[in-house]
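Undergrad: If you count by full-length UniProt numbering, then the sequence shown holds residues 1 to 1123, one letter each, in order. In this text, a Cβ means the ideal position worked out from N, Cα and C, and glycines have one as well. Small disclaimer: the values here were computed from a predicted structure and weren't measured.
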Amino acid sequence: MATQIPVDPTLTSANTLKLENTHNRDVLIAIEKKYQKEWQKNKIFESDAPTTTEIPFDSVPAAEIREKYPKYFGTFAYPYMNGALHAGHSFTVSKVEFTAGFNRLTGKRVLFPLGFHCTGMPIKACADKLVEDVKKFGQNFERFHGEEDAAAPESNGAAVAPTQGVNVKDDLTKFKSKKGKQAAKTVKANYQFQTMLAMGIPREEIHKFADANYWLEYFPPICQQDLIDFGARIDWRRKFVTTDANPYYDAFVRWQMNRLHELNKILYGKRYTIYSPKDGQPCMDHDRTKGEGVGPTEYTALKLKVKEWSPGAAKAVESKIPQDASVYFVPATLRPETMYGQVCCFVGPKINYGIFKVSEKEYYVVTKRAAWNMAFQGTFFEEEHFPRDQKELEPIVELPGSAFVGTLVNAPLSVHKEGVRILPMETVSATKGTGVVTSVPSDSPDDFATVRELAKKAEFYGIQKEWAELEIIPIIDTPAYGNLAAKYLVETKKIQSPKDTTLLAEAKDLAYKEGFYNGTMLVGEFKGEKVTDAKEKVRNSLIASGEAFPFADPSAEVISRSGDECVVADIPQWFLNYGENDKEWQQTVLDYVKDKNGLETYTHETENQFVANLEWLNQWACARTYGLGSKLPWDPSFLVESLSDSTIYMSYYTVAHFLHGDKFGKTPGLLNIKAEQMTDDVWDYIFTRTNDVKKVSESTKISVADLQTMRRSFEYWYPLDLRSSGKDLIPNHLTFFLYIHLALFPREYWPRSVRSNGHLLLNGEKMSKSTGNFLTLSQAVKKFGADATRIALADAGDGMEDANFEEKGANAAIMRMYVLKEWIEDTLKDEGLRKTQGEVIWDQLFEDEMNLLVHEAYHHYSDTNYKLALKSALYDFQSARDFYREACLSSGIPLSRPLILRYVELQCLLISTIAPHWAEYIWLEVLHKDQSIQLAHWPTDVPDADPSLTAAREYVKTTSSNITSAEAQAAKRMAKGKAVVFDPRKPKHITIFVASRFPEWQDKYVDLVRSMLEEATLDDDKALNASVAKVGKGPEMKKAMPFVQGLKKRLVVNKESPAAVFERKLPFDEVHVLTEMRKGLMKSSGCKDVKVVSVTDENRQSLPHTAESAVPGQPTFLFENVE
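(1) Here's the rule I'm using: 16 or more other beta-carbon atoms within 10 Å means buried, otherwise exposed. How should residue 814 be labelled?
(2) Going straight from the alpha carbon of residue 633 to that of residue 668, what length do you get?
(3) At which residue ranges does the region 659-735 contain complete alpha helix (DSSP H) runs of 4 or more residues, listed in the order of the chain?
(4) Do you know offhand how far residue 52's Cα is from residue 73's?
(5) For residue 774, does the three-state DSSP call read helix, strand or coil?
(6) Measuring straight from C-alpha to C-alpha, what distance separates residue 535 and residue 253?
(7) Roughly how many angstroms lie between the CA atoms of residue 1131 and residue 409, to the nearest whole one?
(8) Under the rule that 16 or more other beta-carbon atoms within 10 Å means buried, what is residue 960, buried or exposed?
(9) I need the DSSP call for residue 476, collapsed to helix, strand or coil.
(10) Looking only at its chain, what residues have a beta carbon closer than 7 Å to the beta carbon of residue 702, apart from the 5 residues adjacent to it on each side?
(11) Can residue 642 and residue 119 be called in contact, C-beta distance under 7 Å?
(12) How is the beta strand (DSSP E) around residue 359 delimited, first residue to last?
(13) Is there contact here, the region 416-434 with the region 345-362, by at least three beta-carbon pairs under 8 Å?
(14) For a minimum of 4 consecutive residues, which ranges assigned as the alpha helix (DSSP H) are wholly contained in the region 1054-1092?
(15) Suppose the cutoff is 8 Å on Cβ atoms and the five residues either side in sequence are ignored; what does the same chain contact list for residue 652 look like?
(16) Residue 32 to residue 768, Cα distance in whole Å?
(17) Would you list the one or two residues that DSSP bridges to residue 306?
(18) For the beta strand (DSSP E) that contains residue 571, what are its first and last residues?
(19) What are the complete alpha helix (DSSP H) segments, minimum 4 residues, inside the region 780-822?
(20) Measuring only the C-alpha atoms, how far is residue 353 from residue 285?
(21) Could you name the residues of the same chain whose beta carbon sits closer than 7 Å to that of residue 607, not counting the 5 residues immediately before and after it, in chain order?
(22) With the cut-off set at 7 Å, would you say residue 626 and residue 281 are in Cβ contact?
(23) Helix, strand or coil for residue 982, going by three-state DSSP, please let me know.
(24) Give me whichever residues DSSP pairs with residue 110 in a beta bridge.
(25) Checking the sheet assignment: what are the DSSP bridge partners for residue 514?
(26) Which whole-angstrom value is the C-beta distance of residue 393 and residue 340, which I expect to be below 8 Å?
(27) If you count every other CB in all the chains shown that lies within 10 Å of the CB of residue 1023, and 16 or more means buried, which is it?
(28) Using the C-alpha atoms, what's the distance from residue 502 back to residue 587?
(29) Could you work out which residue in 236, 430, 619, 901 is closest to residue 731 when comparing CA atoms only?
(30) Quick check on this structure: which residue in 235, 484, 315 has the alpha carbon closest to the alpha carbon of residue 39?
(31) Grab the span of the beta strand (DSSP E) containing residue 551 for me, first residue to last.
(32) What are the complete alpha helix (DSSP H) segments, minimum 4 residues, inside the region 1017-1050?
(33) By alpha-carbon positions, which one of 1088, 19, 1107 ends up nearest to residue 1095?
(34) Using 6 Å as the cut-off, classify the Cβ of residue 873 as near or not near the heavy atoms of the ligand ZN, replying yes or no.
(35) How many Å lie between residue 878 and residue 869 at the Cα?
(36) Three Cβ pairs or more, each shorter than 8 Å: is that satisfied between the region 982-996 and the region 1102-1116?
So this is what it looks like as structure tokens:
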């Protein structure tokens, strides 16, 4: 799969945003680097359970300890170590990172650990390719000469760690080789070493990666540094690599597999699985470069024996096949119960078919692809002699489908005993099933439409008309569509031809569902039975009679990491018995996901996907023979596959630092325990499966105190509070994660929540190296700095839909945070600030808005809605400051120093979750706090917002906006030559009219709403409208209905108290507020004066007509020019 690939790794991001002036960014990055070093030096993110010295072991239940010392434990899927982390990883990381930061603020002990996943095929496959590259071209590939060496084996080397919240295309670039400087720096990616060059690895170092273990040395430190540069709050003491490269983790995996085996959760038997012929082993999800989530589709393969060859085929097979041999066309069907209605058999006229030898007396006609699948299902080869190359399975004869048209075959079960014909069908797929399709037009809309078309245009298709006119008999009766469902649906949907693919797809779906769920058999051995009961019986009968055999096919294309197209193999293997074969286990997990007190999934979509997958997922091969990993304890010829050794490793984090001091387990951990001491009995004790600590201590020579220390750590940190992952892992990893946790741990320690996110777009487009629209995490942080990157990630989105990392947003965040830093520093140096607080209305309104936003941000952080939290904690918080600053400036009042200090402190605390470096700088170097903001707590001295102040603030903003808009409208009218009541360019003043009471006409409607509320009939819109019609008359009705609906909304929707609604008084002094606004309004509007006039019953008639419209809270105003 050679593709164009940039030798220069910077070209993969060539089409991303270019930054012009980086001064502000560089200032912020310098701050970030300073505090990252401080945090690592001070081990600020290392967190531990209460020791057994603090709380003696077994003195209180574990749940009480967790309650007394609240904790939060969050993880994301450990990244695969075959490349650098990309921005998609960082999006998933950010969800745990923000949650960790917020929970630290709430006073909890927080654990956020990370390991490095190395199990499986990808690393080994890439290393093996490099072995061949070095053999062919030399250690530094000096014998490679570009285009002349372009012909090479297909390669699927992966350049970045796989699938965490982003779609990265398999082909690394699609640059044209002769267009521009960028394209000139690309080569065809035929070889693994070229992929390594694209990753930025020096040519002279690439040969080291031919040793698979070198990948484990090289990439984990890069991953760790990238996350430190990102500001991640990770406890790095607990890091580890998977596979037997770490003997402690290896022991943990062996324990896990042993216990599952003992519980009969791991079984051995023959079953269909996706299989890589090249690797000679099953190819599971993370062993693939294409086709993750694809599984086998099981068919019934019918044997339609040739009775009479078409002339073209007869000539081709003459002398190639023995006269007494049987040749079968082999269609694969999902509906064996319909075979009674076969009237013909279709082939694709332009598809090539082979006649393959099964035995001396038996041959099959299928596509090469189908025969290759059958080769791994016992048809052409025995299991111990499975082929590795398709050259080992050549057809005896190969012909296009058109050559077979007219051949007469015997169709098992068909009522047409004299035989049916092979006919052409343009829509037959060569990449699905066997490429041979039997036709049942009674129940298949596609078949009905095609047979009808063939009969109409027999001459055009080169067939005899009668071949397509065999009687279509009813075989299944359905309540909805009668006993010829296909005919009914084709005619009622007005499907004209086989080219009406959309309508045919709809009809096919309807016919299948109705036939299967509600149909009754009309013919055959199982006549009168429900289709749901008869289907499997018909299939078994056909197989038992030798007229059919089981066949399976990948449901979509699957390409392995070794670069070959996978098949379905029927082989004996070790498998986890997920799904309906262990009903009790399946139901336990389903119940936990659905239980409102069970697993928290944050969105209904995540829960629904879990439920659908749990109902669908079946047995899963958990072992392989090639790659990296831990050996299966009872059968060491197998390795545990990568999705089966990574289900409960979160529990390993709780004790990792006690066991080893480095990721490989080469140096001892805090308890100086040797790997060989970590027996299954030790793990059982740690994970609360057994309680006899003395027995375990005696058998392993691990002290009782050390065993209790490890168990305390597990019992404290578990259950896992948050598992963050891309939604693409729900079908495999996340579902396995639930299955195994629920099988091995007591209910108290089952995972509490899973938060799944969508993929990450970059600038509104899919991330792709081929288009230059790609960023690694390191590139993003170097380009924008950590905090700006984190702000853009928080702003990207929180749901299951794809999120968008907007580079312009990250760039804008640089400016925002730099300017805010400068403003804070400059403002606090200002000696002219007021030393008092609260004596002016603007102080009161500002403080109240800050209080409101503190509570709002807390709510959003608690719900893990980080986009909304960012809005409240930064954007709206800064807008509140802007409003205060402008109000004071317009009024000629200095800002209050105490209030600005309060603002700065709250701003630091609110944004520290998302932008911790900026917050740390202001916290320590501007506010001069005595310890890191990472150790600070969320402000608890913040009162609820005052409704009267909130209402007054909204009144100020609305009134100011209305006055400014009115002036702007006048200017627009003048520009268009229209008449205006004043000239906004000339000197002017404003008169603001304030009503002292509500209009009398509203009183009766207030009484009406009060009465209906008391009678509990306010929700009845029909009754409400009728009552309003009785009370109101004439023109008043136009005002009455909106007024009544407004009252209803306040009561029913806004849940305001009836007393507040019916009292009909503003919660603030309107005249006082407007008086305070005078100076600001004069400045913003350029008016000479602003007058505030109270409108009363006494003066109403003497005032301009605009005063008539004023109501409390909604003043009117009049601009007038003055000399």
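TA: Looking at the atomic coordinates:
(1) buried
(2) 24 Å
(3) 680-686, 693-700, 704-717
(4) 20 Å
(5) coil
(6) 42 Å
(7) The chain is shown only over 1 to 1123; residue 1131 falls outside these bounds and no answer can be derived.
(8) buried
(9) strand
(10) 673, 677, 682
(11) yes
(12) 352-359
(13) yes
(14) 1058-1063, 1070-1085
(15) 115, 240, 249, 252
(16) 29 Å
(17) 409
(18) 567-576
(19) 786-794
(20) 31 Å
(21) 593, 601
(22) yes
(23) coil
(24) 72
(25) Residue 514 pairs with nothing; no bridge assigned.
(26) About 33 Å; that fails the 8 Å criterion.
(27) exposed
(28) 37 Å
(29) 619
(30) 235
(31) 548-554
(32) 1021-1031, 1036-1048
(33) 1107
(34) No copy of the ligand ZN appears in this structure; indeed no ligand is present at all.
(35) 13 Å
(36) yes
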